[in-house]
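In terms of the numbering used here, the sequence shown opens at residue 38 and continues consecutively.
We treat Cβ as the ideally placed atom computed from N, Cα and C, and that holds for glycine.
All values derive from a computational prediction rather than experimental measurement.
Read through the structure below, which is laid out as structure tokens, and then see the notes.
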Amino acid sequence: MKHHVSSGEGGASPTSRIADTETLPAATSTVGQRRRLSHERQQPRELSTHLAPLERVRLARDPNRPQTQDYIDGLLRDFFEIHGDRRFGDDGAIIAGMGYLGRAAVAIAGHQRGRSTAERLRRNFGKPHPEGYRKAARVFELAERFGLPLITFIDTQGAEPGVGAEERGQSEAIAANLELMSRMTVPIIACVIGEGGSGGALALGIGNRILMQENACYAVITPEGCAAILWREAGPEKVGEAAAALKLSAPDLLALGIIDEIVAEPPGGAQSDPSAAIATLGKAITLQLDRLQRLTPMALRRDRERKFAGIGAAFLTSAGPRQA
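So this is what it looks like as structure tokens:
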């Protein structure tokens, strides 16, 4: 079931990556485009039809967008955060714990990018190491054990690609989370609140329902990375072409059946009115949670299996995959 809410990598130094998360190619910062973006921010219901994919990426990456900690502070009470994976250490790129959403006890896991330079370094720019995903898995297991609904917040360019992360089993940690979420028998709601990139995002994304904010993006790779691989070029034109081809926007992903609901943002994006954005997403989560809690534990698992097994089915024919 699809719904639309209409209410209102690796080798760069940490400090050099700050700019990478805040800027896009020069074409997105020209005077004309800035004026157009400013005008569109005053036209809330025109955002979905008039923003180019690359401009939507810019909004998704805005450091002033609400992050996981903001949603926890705004929606939950008595939140108890857990730390560490009981193997290697703690990872600030993932926040995980339990709290109350209204009167319901829930489990929470989400990416945290940080805002100040010091916090971004501590959070590794929202790129989790294996210990971050294993910390999230601890919360998944607690949710399953105590029958708590699980809510995840997705906001990362991807998992940490460094040598240390690979040595500690990055791919295994992500795969283990995919397997664990797939077999859970509690309601799972995944919320894409900013930039959702690659397996680093998917490791928190196996939900019965996937909600996506209007100006968030969700893709297998960043537009810059895609352009560099396909065309050996990361200039503005090719990056914009890649962003369009990736179908990373909420309307595209809803049409493809990958997400289940688009959550409206305030005029100008979630960063323009964080309190309103948090409240709107909270209402969407509560509504979906009320629906899912009517299902039995095994029905929840089967519902999740059907959802992911059906992704892409519309693009298959009796002769096999449709040719491009």
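Item                                                                                                                                                                     : Value
Determine the closest residue to Gly129 out of Cys263, Gly121, Leu185, with distance taken between C-alpha atoms.                                                        : Gly121
Under the three-state reduction of DSSP, which class applies to Leu185: helix, strand or coil?                                                                           : coil
Less than 7 Å between the beta carbons of Leu113 and Thr189, yes or no?                                                                                                  : no
Identify the continuous alpha helix (DSSP H) that holds Met218 and give its terminal residues.                                                                           : 207 to 220
Using a Cβ distance threshold of 8 Å, determine whether the stretch 90 to 105 contacts the stretch 227 to 244, with at least three qualifying pairs required.            : yes
Using 8 Å for Cβ pairs, my map puts Glu139 next to Arg150. What's the rounded Cβ distance?                                                                               : In the sequence on display, residue 139 carries Gly and not Glu. In fact, because the Cβ distance is near 27 Å, the residues do not count as touching under 8 Å.
Taking contact to mean 3 or more Cβ pairs, one atom from each stretch, closer than 8 Å, check whether the stretch 302 to 318 and the stretch 205 to 217 are in contact.  : no
Candidates Leu326, Glu178, Asn161: which alpha carbon is nearest Thr193's?                                                                                               : Asn161
By the DSSP assignment, the alpha helix (DSSP H) with Ala201 in it spans what residues?                                                                                  : Per the sequence presented here, residue 201 reads as Gly, with Ala not at that position. It spans 200 to 204 - the alpha helix (DSSP H) in which Gly201 sits, taken as one unbroken run.
Which two residues bound the contiguous alpha helix (DSSP H) that contains Gly92?                                                                                        : Correcting the residue type first, residue 92 is Glu in the shown sequence and not Gly. Segment 90 to 97, the alpha helix (DSSP H) holding Glu92.
Quick one: Cα of Asp297 to Cα of Glu261, how far?                                                                                                                        : 27 Å
Measuring only the C-alpha atoms, how far is Ile191 from Gly147?                                                                                                         : 6 Å
So what does Phe190 bridge to, in DSSP terms?                                                                                                                            : Gly147, Cys228
For the stretch 244 to 256 and the stretch 92 to 101, state whether three or more C-beta atom pairs, one from each stretch, are separated by less than 8 Å.              : yes
Enumerate in chain order the residues of its own chain whose CB-to-CB distance from His166 is below 6 Å, with the five nearest sequence positions on each side excluded. : Asp128, Glu197, Ala202
What's the C-alpha gap between Ala271 and Phe116?                                                                                                                        : 42 Å
Spatial neighbours of Gly319 within its chain, please: C-beta separation below 6 Å, excluding the five flanking residues on both sides.                                  : Leu112
On the CB-based measure, 16 or more other CB atoms within 10 Å of its CB, does Arg98 come out buried or exposed?                                                         : buried
Buried or exposed for Val276, please, with buried defined as at least 16 other CB atoms from any protein chain shown within 10 angstroms of its CB.                      : buried
Is it buried or exposed, Ser235, if we count other Cβ atoms within 10 angstroms and call 16 or more buried?                                                              : buried
Tell whether a beta-carbon distance below 7 Å holds between Ile226 and Arg246.                                                                                           : yes
Since Gly134 is in the beta strand (DSSP E), which residue starts that stretch and which ends it?                                                                        : 131 to 138
Can the beta-carbon of Leu185 be found less than 7 Å from the beta-carbon of Ala142?                                                                                     : yes
Within 10 angstroms of its Cβ, does Ala346 collect 16 or more other Cβ (buried), or is it exposed?                                                                       : exposed
Work out the CA separation of Ile348 and Leu293 for me, nearest whole Å.                                                                                                 : 8 Å
Put Leu248 into one of helix, strand or coil per three-state DSSP.                                                                                                       : strand
Compute the Euclidean distance between the alpha carbons of Arg171 and Arg269, then round it to the nearest angstrom.                                                    : 35 Å
Measure from the C-beta of Arg98 to each C-beta in chain C and report whether the shortest distance is under 7 Å.                                                        : Included in the structure is just one protein chain, with no chain C present.
Taking Cβ positions, are Val223 and Ala180 nearer each other than 7 Å?                                                                                                   : yes
If I measure Cβ to Cβ from Asp340 and keep anything under 7 Å in the same chain, skipping five residues before and after, which residues do I get?                       : Asn245, Leu332
Pick helix, strand or coil for Gly233, following the three-state DSSP scheme.                                                                                            : strand
Tell me which residues share the same chain as Met221 and place their Cβ nearer than 6 Å to its Cβ, disregarding the 5 neighbours each side in the sequence.             : Glu181
If distances are taken between C-alpha atoms only, which option among Gln330, Gly136, Glu168, Leu217 comes closest to Glu342?                                            : Leu217
Since Leu248 and Gln330 are thought to touch, with beta carbons under 8 Å apart, how far apart are those beta carbons, to the nearest angstrom?                          : Going by Cβ atoms, the distance from Leu248 to Gln330 rounds to 16 Å, so no, they are not a contact pair.
Can you tell me where the beta strand (DSSP E) holding Val300 begins and where it ends?                                                                                  : 298 to 300
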